[in-house]
Every structure is written in C-alpha cells, then in structure tokens.
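Report on the following structure.
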Amino acid sequence: MNETRASGPRVLLRRLRELMAAALEPQERLDRIVREIASNMVAEVCSLYVLRADSVLELYATEGLNPGSVHRVQLRLGQGLVGTIAASARPLSLSDAQKHPAFAYLPETGEEIYHSFLGVPVLRAGRTLGVLVVQNRTMRHYREDEVEALETTAMVIAEMIATGDLARLIRPGVELDLSRPASFTGLALNEGVGLGHVVLHEPRIVIKNLFAEDPETELGRLEAALGSLRLSIDDMLSRREVASEGEHRAVLEAYRMFANDRGWVRRLEEAVRNGLTAEAAVEKVQSDMRARMLHMSDPFMRERMSDFDDLGNRLLRQLLGHGPEMLAETLPKDAIIVARSMGAAELLDYPRDRLRGLVLEDGAPNSHVVIVARAMGLPVAGQMKGAVSMAENGDAIIVDGEDGRIHLRPQQDVEAAYAEKVRFRARRQQLYRELRDKPTLSKDGVTVDLMMNAGLSVDLPQLAEAGAAGIGLFRTELQFMVAAQFPRAEEQERLYREVLRVAAGKPVTFRTIDIGGDKVLPYFKDAVPEENPALGWRAIRLTLDRPALLRTQVRALLRAAGGRELKAMLPMVTEVDEIRQAREVIDREVRHLSRFAHDLPNSLKLGAMVEVPSLLFQLDELMQAVDFVSVGSNDLFQFMTATDRGNTRMSDRFDPLSVPFLRALKQVVDAGRRWHTPVTLCGELAGRPISAMALIGIGFRSISMAPAAIGPVKAMLLELPVAELSARLEQAMSGKGTDGSLRALLSAFAEEHGIPL
Ligand code: PEP
Ligand code: MG
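Set out below in structure tokens:
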C-alpha cells in the first residue's frame, strides 16, 4: 500500500511529462491529461478551469463531466467551489460537496451525482492561473498525500499555461488572466523611464525531485555544489575587472564570507537529512528565510538576509547546472530585471548594455542594489509587491522611475505615451551631450563650476560623459555601505587611487566617512540604536570618537594622492574645534608617512561641510579654520526646518527656495567672500535647474550634483543673466513681507528670459 502511495504521483508525473512532449493538438493534450489524472487518482471526474483576464474561470477540459460543457461553463472568481478555490488560492477537500455553502449547481455539467470533491489552485509563483478538480461519486475523504499529489500535478499544468501552450484554445477577445495588463505603484528609486521586456531575475526553477532516497548521496551533492559556489566566488574575485571595481569586490567578499557561514550550511544539511534533495533543501531554507524577511522590519537585517537569498539562488544554479553565463546569450537587448530582492553583485553580473531598468518587490532607497543601480544610471522602481508573480519572462514592461510605477503588458496607448516620453528624454539627452563641451558660462559671462557627486567606482565614467568640472563630493561611506565588513586600508586606497586616476587632474573632494543617521553599517558593532539617529552619533562625531577609523582612511587618502592635490572634507561639523581635532589626526598621519619617506600629496586642503545650523553662527571662525566649505543642503535644510529628510509626508511642506533658507545660504557665500575661502554646495538643491538658478543668483560660483543633473543645469546656466537675477533676488530677500517662497518669482524670471527649467 505504502509502495503504491509513494509511486502513484511519480508515475503520474512521468505520464504527464510524456504527454507534454507528445505531438498533440492542445485540446487533445488537455483531454488526455485530465483523463490520466482521473485514472491515476481513481476519480470519476477530473476537470481543469483556467482563469481569464475578465476574472472568469472557464472549463477547459474534463473527464467525467458532460463534454459539451467544455468552454461553456464559466464561473466568476469567488463563485461556487471552483471560484472559491481560485479566490483564496487554497485547496478544498470535501466528502459531500453539495453541503458546502459555496456549492453552485451547474446543470450543464451533470455533476450532481458526484459527492466528494477535491480542488486545488493552479499556482505559479503564488499567482492563481486556474483550478484543477477531481470528483468521486462516493463520499470519500481525500488523503493528505492525494491533495499533495494533485497540487504537484497542478504545478505542471501551471507551467503549460504560462508557456503559452493553450494560446490556440483562446477565443479572440477573451484573453487569459496571464496576459492581462497590470500596473503597480510603489517607490521611485531612481529616475528615468525604461521600456523593454521582463527578465525574471530568479527564473522559476521547477524542482522536480523533491524527495531523496539516499541522504548521503544528497549531502555529497550539496557539499560539492557549495564547494563550486565558493570556488566560483573566488574566481570572480580574482578576475581583473573585479579588482578594479571596488564595490563589486566588496559585495563578492561578503558572499565569500556567507558561503562559509556555518549556520547556513547546517540548516541546509538538516533539510537534506530530513529527506529532501539538495535543491529542495536550498529552496526550503531559502523560503524560510524569505518568510522571515517579510516579517523583519530592520532594513539592515533584511539586506543581509537578501544577500543570503542571492547566494541561495547561486547555489540552486550550481545544483541544477544553470550557470549565470547562460544569461548573456538569452538576455533581450532591452532587459528590465524583475526581482523579489537582489544582491548588488548579481546586478553587476548582467551586461550593462542590455539593461533598461530594474524592478524590485523589495528595495529601499539605501539598499545596496539600489545604490549600485543608481550609479549605473538605471531607472529603478521598488516596493512593487506581487510584480514577480504577475510577470513572465519576455512580457513587455515599462518601468517609470520618476513616478514609481510599472506597467506590465501595457496596452498600446500606455506604451505609445511612454515611448513618446522616452523619445523626449532621449532628444533632451542629445541636447545636453551637445552642450557638454561648451564652457559653463552664464549669458552675461559669469563662470560657474558644475561638479558632480559620486561615491562608487561605477560612477566614474560619468565624469567624462556628463562633462563635470570635477567631483565636488565623493561620498566615501558608500564603499563601506556595500561591504560586509570594514574595507581594509588597501581597499580604500585602491578606490581613491582609481578615482584620482579617472579624474585625470580634475579636482576631487573626498568626504571622510559620513556614517550613522540613515547610513548604518550592519557590521559596525559599536553603533547602538538611537531614538533620533539623524541627531545622533554620526559622521565626524563618530570618527573623532573612533580615531582609528579616521586614521586608516586619512592614511589611505594621503597615500592614494601622493604627488597630487588632496582635498578632504569633514561632514556634520558642529563646532569649529572639531576641525582642529581632525586636523591633528591628519597632521599625525602626514608626519608618520613622511617618516617612512612616502610620496605625500603636494598640497593638502581641508574643508568642512555646513550642515548643522550652529555653524551659521561661527562663519568667520569657520572660514579661517578651513581651506574650503561645502554646504550640505540636504542636512542643513532638515535641521533648519526640523523636518526629517526621509519623511515623504513632509517632503513638500517647506520650501528650500524660501527667504529664510536662502538668507542662510547667502550668509555662507558672503562669509566665504570676506575670508577668500571657496564655498560650494553639494546637496540635492544643486541638481534642479530652478534651485541651481537661485543658488547662482545669491552668489554660488560652484555647485555639485548628481551627474544626470549637469546637462539640465547647464542648459539653464547658458541662458541665465546672473547680474539681473541677483538684483531681483536681493530686492525680494531684503524687502518686507518676503518670508515666503521665491519659487514663483524664480519661475516667472525664467519664463521672462526664456530660461529652460
Ligand atoms: C547633504 O547633507 O546635503 C549632503 C550632501 O550629504 P548627504 O546627502 O550625504 O548627507
Ligand atoms: Mg549630509
């Protein structure tokens, strides 16, 4: 008895595989499949219902019910037992179906003579595609293993539906649910619009062999796969191109650490000992992790978990023999990657020239993969819950990284509207490219340096592409954020050297690590949760308390900049005395290196960021204490207006282009002029043409922004009569009743002078 129970599903699956491979008309194939299931499960009836785009379940095949009812019987989602199963995505097993409150009598089927009923949803990645039912005349109880067997069979049918096998059975105008257009709204994580075709990052691997007879053999397979996984990571790490890509390397190093994690390996081995095959064990440990991830609120723990998820996928590929190298060949030229969650290294595995966008079910603005995608210039939309199960490989898709929306299988009018948007953007990009080599002069001949912000080596090609005058802000903490442990001194030095090499003499301002606040390093054990992290132990406060961190970084910077100019900048300075303390650390390092006859920078400039309002009241002292100053308008505005910069509820409440904030900025510019200390600004404000215009109007002659912003800001600058705007602003900011926003004034000025904003 046990023998037949165990072999029943296996025999059925083998038969189904044969039927799928046979040269049959689709209807004939379906008819034979339901017949096969009925006979294998000793049921009088087996029926398949398929979900259509209009939320109707249509009978596609039956053994046992009236054959004339095929394609005629239709149930709405939620209607009858079948509709209930589809709506709830859960199986239903009843010994007397007609007693169930949801039972709906359909005279055309002749099903009244059947008492027992077992129905399971046809699921694919959590999405319902139809319902598979068996029925018996007698009142019987279906056993647990029969429910499981029918569910496994339904997985095979799901595969058939999803691969378009039923296409020829669909009447025109009644599409299957699978091809219904679907739109999702989530988070805009990186601007830009991408049109292309879905590439599911985790192609659905149907694990056919769940149960293993011999755990020892499976343990051997698991061990071998883990071995090759580790080797492949080592191999990637040793590749030349990886060595020069700092963050890629850091991520891979994190993977190497995880691949040797005892806890993870132990859980995998346990699952195998419980009777699963190696691949089923990976799936199980992975889905346990995923379930835990869903309930985890700490984003940094989630990030670590998703690294494990990523690693699990790699391991599955090892076990099933799908190498990532297959990707490049099969990847469409306009790939939009759709993933539940994703590790940064995995994104870097795809060939950049074929990527048009990234969609994540997870994804937070500061997750590693988003940081890297942003550096690669991909439109990114996140928090798209359900996108993975609704999408199929090859589906048309639009990702709108500006509004945080995606459109799957878009209708023609939506596609046409977006195609126009993309063409418009492309024309504009072309325009900006043409401006690239023009000098950054205003209409009345004022030079303004347009610099770019960066933080990863993937950013560097943008320096030439965007035509930036230099790097006004290099956020060194990003290297720390994509790593699994503190980057070693040599790794830091290697990145800084690379940056200076690519900059080829253009100025670069390295900001010392600005961690804490919203930039938490999960491996930094000294950090304790704070009630107000933005006001807490972060940036220079933290590095002055942990001088070893600062010393290591300063040494790496000094060594990397040997023989050239080094510009270093301190974040979140609150008191001028902090600059003196940091300078002491730097001086000590300079002395140390010169003692060992190291090649030192030929000039060392130390700057401070103006981000904490207290500095506004020590501007004269500040300007004397440093070689340059850069305003961090993101933080300065957050602290001046007491509004959390990450809180979307308040993001439009106060306007940075208002008189009080512009007055504060102007005071910084004026103090810089008094003391001949160069002043720049590197917050988001610099990257929007209207606010960049205001900044130039109040006296900034250097601003630093995201590389993509340089084109639009330059187009604005070329048409801007600076002196006239300055006079207009001066008047507006000194007059009475001018405590409100100057946005309207600025827009009107631009309109009047034909300035593109
Ligand atoms: C700022 O605060 O404006 C700034 C440039 O620094 P960050 O955005 O990295 O905090
Ligand atoms: Mg800041």
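Positions 75 to 831 (this note's numbering) are the ones given, in order, by the sequence shown. Beta carbons: idealized from backbone N, C-alpha and C, even for Gly.
Length-filtered (3 minimum) beta strand (DSSP E) runs lying within the stretch 516–563: 523–528, 545–549
Helix, strand or coil for K788, going by three-state DSSP, please let me know. Correct three-state label for K788: helix.
Got a sec? Which residues, its chain only, sit under 6 angstroms from S776 by beta carbon, not counting five neighbours each side? Counting only residues of its own chain and dropping the five nearest sequence neighbours on each side, S776 has a CB closer than 6 angstroms to the CB of D523, T754.
Opening and closing residue of the alpha helix (DSSP H) in which R164 lies: Annotation: R164 is outside any alpha helix (DSSP H) and is labelled neither H nor E by DSSP.
Presumed contact (8 angstroms Cβ cut-off) between L250 and A127, rounded CB distance: 6 angstroms
List the endpoints of the continuous alpha helix (DSSP H) containing H666. 650–669
Can you tell me whether DSSP reads T754 as helix, strand or coil? strand
Going straight from the alpha carbon of D423 to that of L394, what length do you get? 19 angstroms
Look up S257 in the DSSP assignment and give the residues it is bridged to. H481
Any chance the CB of G590 is under 7 angstroms from a heavy atom of the ligand MG? no
Around the C-beta of H481, are 16 or more other C-beta atoms found within 10 angstroms, so that it is buried, or is it exposed? buried
Same chain, Cβ closer than 6 angstroms to F258, five either side skipped, listed in chain order: M458, A461, I480
Alpha carbon to alpha carbon, how far is G544 from F823? Give it in angstroms, no decimals. 29 angstroms
Does the distance from the C-beta atom of P752 to that of M714 stay below 8 angstroms? In this structure, M714 does not lie closer than 8 angstroms to P752 by Cβ.
What residue range is occupied by the uninterrupted beta strand (DSSP E) comprising K641? Its beta strand (DSSP E) spans residues 639–644.
Run through the DSSP bridge pairs and tell me what E132 is partnered with. V124, Q148
Please name the residue in V684, L689, R629, R633 whose C-alpha comes closest to that of R662. R629
Grouping DSSP H, G and I as helix and E and B as strand, with all else coil, what is V602? coil
Excluding the five sequence neighbours on either side, which residues of its own chain have a C-beta within less than 7 angstroms of the C-beta of P100, listed in chain order? D239, L240, R242, L243
Distance between D335 and L644 (C-alpha atoms, nearest Å): 37 angstroms
So, L452 versus L434, is the Cβ gap smaller than 8 angstroms? no
Taking only the alpha-carbon atoms, compute the straight-line gap between N264 and L693 and give it to the nearest angstrom. 35 angstroms
Any idea what DSSP makes of A354, helix, strand or coil? helix
Using a threshold of 7 angstroms, is the CB atom of A681 nearer than that to any non-hydrogen atom of the ligand PEP? Note on residue identity: the sequence assigns Gly, not Ala, to residue 681. No.
Does the stretch 504–511 touch the stretch 488–495, meaning 3 or more C-beta pairs lie closer than 8 angstroms? no
Near V85, what residues of its chain come up, given a Cβ to Cβ distance below 8 angstroms and the 5 sequence neighbours on each side ignored? If we look at V85 and ignore the five residues flanking it on each side, its Cβ neighbours are N114.
Cβ pair count under 8 angstroms reaching 3, the stretch 575–586 against the stretch 633–644: Taking 8 angstroms as the limit for Cβ pairs, the verdict is that the stretch 633–644 does touch the stretch 575–586.
Here's a check: name, in chain order, each residue in its chain whose Cβ is nearer than 7 angstroms to the Cβ of D673, leaving out the five neighbours to either side. Closer than 7 angstroms at the Cβ level, and outside the excluded window around D673, lie G636, G637.
Contact check, G456 vs L261, beta carbons under 8 angstroms: yes
In the DSSP output, what is H28 paired with across the bridge? An answer regarding residue 28 cannot be provided, because it is not within the stretch 75 to 831 covered by the chain.
Report the CB separation of V787 from A766 in whole angstroms; it is logged as a contact under 8 angstroms. 5 angstroms
Proximity winner among A447, P246, S516, R502, relative to G475 (alpha-carbon distances): It is A447.
Any heavy atom of the ligand PEP closer than 7 angstroms to the beta-carbon of S707? yes
Backbone secondary structure at M331 - three-state DSSP: DSSP, reduced to helix, strand and coil, places M331 within a helical segment of the structure shown.
Would L168 pass as a contact of H174 if the rule is Cβ separation under 8 angstroms? yes
Assess contact between the stretch 706–725 and the stretch 664–682, defined as three or more Cβ pairs (one per stretch) separated by less than 8 angstroms. Is contact present? no
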